[in-house]
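Here the sequence shown is numbered in the numbering used here, starting from 259 and rising by one per residue. A virtual CB, placed ideally from N, CA and C, is assigned to each residue, including glycine.
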Amino acid sequence: MAQLIGGLGTSHIPAIGGAIHRGDQQTPYWKPFFDAFPPIQQWLGEKKPDVLVMFYNDHGLNFFLDKMPTFAVGAAEKYVNSDEGWGIPSLEALRGEVDLSWQIINHLVDKEFDIVTCQDMLVDHACSLPLKLFYPEGNYPVTVVPVCINTVLFPLPKASRCYALGKAVGEAIAKWDSTKKVAVVASGGLSHQLEGERAGFINKRFDLQFLQSLESNPEWATQFSIHELVEKAGTQGVELLSWLAMRGALTAAGSGVKKISGDYHIPISNTATAVLALESLA
Ligand code: DHB
Ligand code: FE
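Now the structure itself:
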């Protein structure tokens, strides 16, 4: 059976793509952000996962406001990264793990998650940037299964529902008839708000509590309603739902997690950025 070896989390601000493109990693503005990644790259180099299951949100590239699934799972051979129209550099396409996609899709439907399945799917910065940050040399040595969570258009799924989604994905991975090693990834957050009266809003106290809860009390954030989470983390800070799903998958894998590395930095663009690596003790 497949093995779920751990979970990774990272913010996904589009400006990161520009910084990589220009080679700005060592400039004073960018260095604190990029310095968080070598320990994660080292962990990936040692543990060598074959597949990454990516919890992320689409920002209007593959799904627009006229058709917005609450949860969507990719089942494609290939996921092409496309510029959303902001001049963001496009990154290399991701290779799909179709067999695991259908394993996850079938298990989710069996567990009464009414998902959308996507045999054709473009991915935006939320899916492509984590791969580029984890494997800066490119030519990624992993395949992926994208699991998209609506954090863009109300009504958004509840935190408890996203945690349960992650748990079901973790169960599906554990039951996958494969010798492959799988890691789960959360893309997005932490606190940020791009528009309106609170544009630029950041909540360090909440973010640090949330990061701590992922280690020691993973259901902590499920006590909050979605409106409370928007209030605490900002309209785009609700991207933290992907982190809850990632942690839910690790819970399903069994007996606890060990923190390998983590970082929190304010700001990159409008965002309080976080990076985290949790190894599964199962
Ligand atoms: C920013 C952050 C995001 O998560 C995003 O999707 C777009 C922009 C930002 O802080 O600039
Ligand atoms: Fe985002």
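Find out if the Cβ-Cβ distance for the pair residue i, residue j is shorter than 8 Å.
i, j, result
"residue 446", "residue 269", "yes"
"residue 338", "residue 438", "no"
"residue 319", "residue 382", "yes"
"residue 500", "residue 515", "no"
"residue 423", "residue 468", "no"
"residue 273", "residue 527", "yes"
"residue 362", "residue 430", "yes"
"residue 456", "residue 492", "yes"
"residue 326", "residue 408", "yes"
"residue 262", "residue 443", "no"
"residue 295", "residue 358", "no"
"residue 297", "residue 518", "yes"
"residue 414", "residue 460", "no"
Pick from the options: whose alpha carbon is nearest that of residue i?
i, options, result
"residue 511", "440, 527 and 306", "440"
"residue 506", "425, 273 and 266", "425"
"residue 402", "299, 411 and 313", "313"
"residue 521", "527, 448 and 348", "448"
"residue 287", "524, 536 and 534", "524"
"residue 410", "502, 329 and 295", "329"
"residue 494", "370, 453 and 267", "453"
"residue 487", "418, 519 and 333", "418"
"residue 396", "307, 349 and 321", "349"
"residue 471", "335, 302, 371 and 509", "509"
"residue 490", "473, 451, 513 and 477", "451"
"residue 379", "351, 462, 371 and 477", "351"
Consider the C-beta atom of residue i and the heavy atoms of the ligand DHB; say whether any pair is separated by less than 7 Å.
i, result
"residue 411", "no"
"residue 523", "no"
"residue 500", "no"
"residue 452", "yes"
"residue 347", "no"
"residue 528", "yes"
"residue 394", "no"
"residue 532", "no"
"residue 290", "no"
"residue 272", "yes"
So, under 8 Å CB-CB, residue i and residue j are touching, yes? Tell me the CB distance rounded to an integer number of Å.
i, j, result
"residue 404", "residue 385", "6 Å"
"residue 315", "residue 406", "6 Å"
"residue 532", "residue 435", "So it is not a contact: roughly 34 Å between Cβ atoms."
"residue 331", "residue 285", "Actually they are not in contact, since the Cβ atoms of residue 331 and residue 285 sit about 38 Å apart, beyond 8 Å."
"residue 354", "residue 536", "In fact, because the Cβ distance is near 24 Å, the residues do not count as touching under 8 Å."
"residue 279", "residue 347", "4 Å"
"residue 479", "residue 502", "6 Å"
"residue 335", "residue 356", "6 Å"
"residue 342", "residue 317", "6 Å"
"residue 283", "residue 333", "Going by Cβ atoms, the distance from residue 283 to residue 333 rounds to 34 Å, so no, they are not a contact pair."
Using 8 Å as the limit for Cβ to Cβ distance, is residue i near chain B?
i, result
"residue 398", "Of the protein chains in this structure there is only one, and it is not chain B."
Q. Residues near the ligand FE, CB to any non-hydrogen atom under 6 Å, in chain order?
A. 270, 317, 384, 446, 494 and 497
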